Each structure stands twice: as structure tokens, then as C-alpha cells.
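For the sequence shown, the working numbering begins at 6 and goes up steadily by one. Using N, Cα and C, we set each Cβ at its ideal position, and we do this for glycine too. Computed from a predicted structure; not experimentally measured. These notes are about the structure you will find just below.
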Amino acid sequence: MGDDLSYWARGTALAVARYAVIVATVGVLISVLPRTVAPRIQPRSPRPAQLRREAISSIVSAVIFSSILYVSVMAHLISPQPFESLPIWRWAVALLVLLIGHDTWFYWTHRLLHTRAFWPIHQLHHQSRTPTVLTAYAFHPLEALVNGAFILPASLITPLSYPVLVAFMVTMIARNAMAHGGREVFPAGRDGHPRLGWMTTVTHHDLHHQRGAGNYGLYFSFWDRIMGTERADYLDAYRRARNGASVGVSPQPIEGDPVAETPAAHSGQRP
Numbered sequence: 006m007g008d009d010l011s012y013w014a015r016g017t018a019l020a021v022a023r024y025a026v027i028v029a030t031v032g033v034l035i036s037v038l039p040r041t042v043a044p045r046i047q048p049r050s051p052r053p054a055q056l057r058r059e060a061i062s063s064i065v066s067a068v069i070f071s072s073i074l075y076v077s078v079m080a081h082l083i084s085p086q087p088f089e090s091l092p093i094w095r096w097a098v099a100l101l102v103l104l105i106g107h108d109t110w111f112y113w114t115h116r117l118l119h120t121r122a123f124w125p126i127h128q129l130h131h132q133s134r135t136p137t138v139l140t141a142y143a144f145h146p147l148e149a150l151v152n153g154a155f156i157l158p159a160s161l162i163t164p165l166s167y168p169v170l171v172a173f174m175v176t177m178i179a180r181n182a183m184a185h186g187g188r189e190v191f192p193a194g195r196d197g198h199p200r201l202g203w204m205t206t207v208t209h210h211d212l213h214h215q216r217g218a219g220n221y222g223l224y225f226s227f228w229d230r231i232m233g234t235e236r237a238d239y240l241d242a243y244r245r246a247r248n249g250a251s252v253g254v255s256p257q258p259i260e261g262d263p264v265a266e267t268p269a270a271h272s273g274q275r276p
């Protein structure tokens, strides 16, 4: 038992440290970019109380994520394979499958958390109307459990190894922190649309925090487009952000499942 607790403690400390290093790195990188390259999306800045709340929630979430992985391995719910058991290209495919699978898990559980029954859990995350890199893990403990549980179905759809799991976690944290970073780093094409239109931009998720509805994807935009939940004002907000015109925070309160209440507000239609 003592060895098990020591192993859990070391793994958890590593998970918290990994999160802190990645989030800090992303925060520094986007902050030093010129405004012409990464303009601010919102005109206002977060308050110190928000940053403190996000930091505490993030540590709790990192502990929960690490604990889920620990229990899953110790209970043989997942069995990571030796890295040398498969060629590198197979592990590259496994990482891609993990990202697509996680985006799918995130989209549908995110939609569920926006229903009235589960909104009280998700509301903690949405207290950050002006998100920061720390918002990435600022979850209610129950929401962290839902997010962390992805590792169980993931083991059924693709082989896992510890290097692939680490690569997935690093990618997930960095991409999540970037999405909450408040600076639009995704370049626009000549038509004003995102050059990587199949990926969610920072404005894409920032609007979700501002309005509280629509734009539920994490890495990719295809589920929002298929299900008609990409906000109708997204591309206009993206163009304004790229042109250096801040996108103001909506004064309307966030409550319930806005998809069911006001579907016309984010029809998903793209010009």
C-alpha cells in the first residue's frame, strides 16, 4: 500500500508540474507575440480573484486526471503497451485517433453539461467570461471526472503506450491553454476566414465563454458544423479580432442550455 501511495503521489506531482509548465509556457509565448500577430480578443482583463480561483481549480483537476489514470492502470482497465511493440507510424496514428476521439468526447459531454440538469456543474468553468490560460483546467471536480474518464473508451479504440499518453496530454493541455489564452493566434486567409478552418480558433472558444452558447468543440470544428452549433456571429467576431477590433463581452446572463432555448442565435450557417 505504501508503495502504491508513493507511486500515486509522484505521478500526481508530475501531472501538476507538467500542467503548470505547459500553461506558463503557452502564456508567455502568446504574451510576447506582437499584437499584429496575436491581437487581443476582448478589451477587458481578468481580475485577480478569477486567476486565484482558476489556479486552485486547475490543481484539483490535475490531481483528479492523474488519479483516474493511476486507478485505470492499477485496476487493469487500461494496459499501455511497450513503445517498441509497434512501429512509430502506428503510434502517430494512435495519437491522431486519440485527438479525434477526445474532440468527440469533449463535444458531446460539453453539450450535456450545458443542459439545465448539469449546468450547475459546468457553471464554475463559465465564471470566467474573459478566459485565461489557467481557465483550461478550471473545472468543477465532477466535470474533471467526466473529462478524465475519456481514457477508458480511448483504450478501446486505439493502442496506448506511455509515450503516446504523454504526447496526448501535452498536446491537450497546450491546445486547451491556447484556446483560453485570449489572443487570436490563428492566421486569416485573404477572404478573412481562418486558414485552418477545420480547427477551432481562439475566438471560436472565446465566444463560447462570452455568450455561453455554441462553439462546443475543442480541437476541431466539424462537430459544431455537423450539428449546427457553430455560432452565426463567429466568423465576424474572428475577422474583427484579427483586425484588432476587440470583441466585447455579452451583458446577458448565461443559464441553462442555450442551444435548446435560442437555436437561431447560432444557426451554424457560414457565409
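{"Query": "Please state whether DSSP places Pro39 in a helix, a strand or coil.", "Result": "coil"}
{"Query": "Pairs of beta-carbons, one from the segment 110 to 126 and one from the segment 33 to 42, closer than 8 Å: are there three or more?", "Result": "no"}
{"Query": "Rounded to whole angstroms, what is the Cα-Cα separation between Asp8 and Leu161?", "Result": "29 Å"}
{"Query": "Could you tell me the alpha carbon to alpha carbon distance between Arg116 and Gly202, rounded to whole angstroms?", "Result": "21 Å"}
{"Query": "Strictly by DSSP, which residues pair up with Ala193?", "Result": "Pro199"}
{"Query": "Give the straight-line distance between the Cα atoms of Pro276 and Ser77, rounded to the nearest whole angstrom.", "Result": "At Pro276, the pLDDT of 30 sits below 50, so the modelled position is not reliable; the number obtained from the coordinates is stated separately. Distance between the alpha carbons of Pro276 and Ser77 is about 45 Å."}
{"Query": "Alpha carbon to alpha carbon, how far is Leu74 from Pro85? Give it in angstroms, no decimals.", "Result": "11 Å"}
{"Query": "Following the continuous alpha helix (DSSP H) through Arg116, name the residue where it begins and the one where it ends.", "Result": "Ile93 to Leu118"}
{"Query": "Across the segment 150 to 167 and the segment 92 to 104, are there enough close Cβ pairs to call them in contact, namely three or more that are closer than 8 Å?", "Result": "yes"}
{"Query": "From Pro146 to Trp13, what distance separates their C-alpha atoms?", "Result": "18 Å"}
{"Query": "Can we count Ala25 as close to the ligand NAP, meaning its CB is less than 7 Å from some heavy atom?", "Result": "Absence of the ligand NAP from the depicted structure is noted, as is the absence of any ligand whatsoever, leaving it without description."}
{"Query": "Any idea what DSSP makes of Arg49, helix, strand or coil?", "Result": "coil"}
{"Query": "Exposed or buried, what is Asp108 when buried is set at 16 or more other beta-carbons lying within 10 Å of its beta-carbon?", "Result": "buried"}
{"Query": "So Arg188 and Gly194 are in contact, right, with Cβ under 8 Å, and what is the actual spacing, rounded?", "Result": "Going by Cβ atoms, the distance from Arg188 to Gly194 rounds to 19 Å, so no, they are not a contact pair."}
{"Query": "Kindly confirm or deny that the segment 177 to 185 and the segment 18 to 34 touch, where touching means at least three C-beta pairs closer than 8 Å.", "Result": "yes"}
{"Query": "So, using beta-carbon positions, are His224 and Met204 closer together than 8 Å?", "Result": "The displayed chain sequence assigns Tyr, not His, to residue 224. It is a contact, given that the beta carbons lie within the stated cut-off."}
{"Query": "Would you report the Cα separation of Pro136 and Arg244, rounded to the nearest angstrom?", "Result": "19 Å"}
{"Query": "Within 10 angstroms of its Cβ, does His81 collect 16 or more other Cβ (buried), or is it exposed?", "Result": "exposed"}
{"Query": "In chain order, what residues of the same chain lie with their CB nearer than 7 Å to the CB of Leu139, ignoring the 5 residues before and after it?", "Result": "Val28, Leu56, Glu59, Ala60 and Ser63"}
{"Query": "Using the C-alpha atoms, what's the distance from Ala141 back to Leu19?", "Result": "18 Å"}
{"Query": "Could you tell me whether the Cβ atoms of Leu150 and Ile69 are closer together than 8 Å?", "Result": "yes"}
{"Query": "Give me, in chain order, the residues of the same chain whose beta-carbon lies closer than 7 Å to that of Glu148; leave out the 5 immediate sequence neighbours on both sides.", "Result": "Leu118, Ile126, His127 and His130"}
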